[in-house]
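Engineer: So the protein sequences, as listed, match chains E and U. According to this note's numbering, the first sequence is numbered sequentially starting from 72. According to this note's numbering, the second sequence is numbered sequentially starting from 2.
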Amino acid sequence: GAGVSQSPRYKVAKRGQDVALRCDPISGHVSLFWYQQALGQGPEFLTYFQNEAQLDKSGLPSDRFFAERPEGSVSTLKIQRTQQEDSAVYLCASSLQRQTNQPQHFGDGTRLSIL
Amino acid sequence: GENVEQHPSTLSVQEGDSAVIKCTYSDSASNYFPWYKQELGKRPQLIIDIRSNVGEKKDQRIAVTLNKTAKHFSLHITETQPEDSAVYFCAASRSKSTFGDGTTLTVKP
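So, in structure tokens, the structure goes:
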């Protein structure tokens, strides 16, 4: 079946604008994760959903970052009043099971550039 | 929180040689250790994983070892091929995954 799909693949925004990044997980996957990957570094955890419940948002860098998964499927990561340090690749991953220590399937990411 | 260190940051080998990448972690409660391969501009893909109740796992040319006491785990790739060239990430997971900074592996033909 289809893998994790993220859109857009590339997003350029001016500093101060709001952006919304979309993730379509694999159908039936319970768990959904968002990561931020800076150039030359590993993915850094942002937030985790189990179905529609956001169980961990400890990795969100500031209150400008907001994520939701209202129907337990598609998720949106929103960044308000973007700043240059928000430039990164944002990866979404999903997992079949509830537990967080399970194999994760990643999307191709959204490369966000803030000018 | 968890801290994962990965070494080396770059690794260059001749085709057919073996490659070893090592990671250490700090949280003794971490119980799941996946390895991902990421080609340029593409998604990380799981290549092998190991759980804390297992010391070693092998899948064809790829193997992972885990030393819980020392809190380190390693990826071993034998008979390397040019298509193995990529960035490899280790991760340690309990309630969430913490990734290393990656190893860029180059396999020279």
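Yeah, the Cβ is synthetic: ideal placement off N, Cα and C, and Gly gets one too. Note that the structure is a prediction, hence the values are computed from the model and not measured.
From the DSSP output, in three-state form, read off Gln82/U for me.
Structural biologist: In the structure shown, Gln82/U sits in coil (DSSP, three-state: anything other than H, G, I, E or B).
Engineer: Quick check on Gln154/E: does DSSP put it in helix, strand or coil?
Structural biologist: DSSP places Gln154/E in coil when its eight states are reduced to three.
Engineer: Compare the C-alpha of Gln88/E against each of Phe136/E, Leu131/E, Gln175/E, Cys94/E and name the closest.
Structural biologist: Nearest option by C-alpha distance: Phe136/E.
Engineer: Between the Cα of Gln170/E and those of Gln77/E, Leu103/E, Cys94/E, Asp95/E, spot the shortest distance and give me the residue it belongs to.
Structural biologist: Selected option, being the one with the closest Cα: Leu103/E.
Engineer: Which residue or residues does DSSP assign as beta-bridge partners of Glu115/E?
Structural biologist: Glu115/E pairs with Gln107/E.
Engineer: Just to confirm before moving on: does the CB-CB distance between Pro45/U and Phe177/E stay below 7 Å?
Structural biologist: Taking 7 Å as the Cβ cut-off, Pro45/U and Phe177/E qualify as a contacting pair.
Engineer: So, is Asn129/E buried or exposed, given that buried needs 16 or more other C-beta atoms within 10 angstroms?
Structural biologist: According to the sequence shown, residue 129/E is Ser rather than Asn. So Ser129/E ends up on the exposed side.
Engineer: Can you pull the chain E residues whose beta carbon is under 7 Å from the beta carbon of Asp50/U, in chain order?
Structural biologist: Ordered by position in chain E, the residues that pass the 7 Å Cβ test against Asp50/U are Pro174.
Engineer: Kindly indicate if chain U contains any beta-carbon less than 7 Å away from that of Gln88/E.
Structural biologist: Cβ-Cβ to chain U under 7 Å: no for Gln88/E.
Engineer: What residue does the beta strand (DSSP E) around Ile63/U start on, and which one ends it?
Structural biologist: It spans 63–68 - the beta strand (DSSP E) in which Ile63/U sits, taken as one unbroken run.
Engineer: Indicate whether Glu80/U and Thr66/U have their beta-carbon atoms separated by less than 7 Å.
Structural biologist: Contact: no.
Engineer: Excluding five sequence neighbours on each side, which residues of the same chain lie with their C-beta closer than 6 Å to the C-beta of Glu139/E?
Structural biologist: Thr147.
Engineer: Kindly indicate which residue of Gly111/E, Ser98/E, Gln125/E, Gln112/E has the alpha-carbon position closest to the one of Trp105/E.
Structural biologist: Closest option to Trp105/E, Cα to Cα, is Gln125/E.
Engineer: Cβ closer than 7 Å: which chain E residues qualify as neighbours of Arg62/U?
Structural biologist: Going along chain E, no residue has its Cβ under 7 Å from Arg62/U, so there is no contact; the nearest lies around 19 Å.
Engineer: Chain C beta carbons: is any one of them nearer than 7 Å to that of Asn32/U?
Structural biologist: Looking at the structure shown, chain C is missing, and the protein chains on hand are E and U.
Engineer: Using a Cβ cut-off of 7 Å (strictly closer), state whether Leu12/U contacts chain E.
Structural biologist: Closer than 7 Å: no.
Engineer: Beta-carbon within less than 6 Å of Pro35/U's beta-carbon, same chain only, minus the 5 sequence neighbours each way: which residues are those?
Structural biologist: Cβ within range, chain order: Leu47, Asp50, Ala92.
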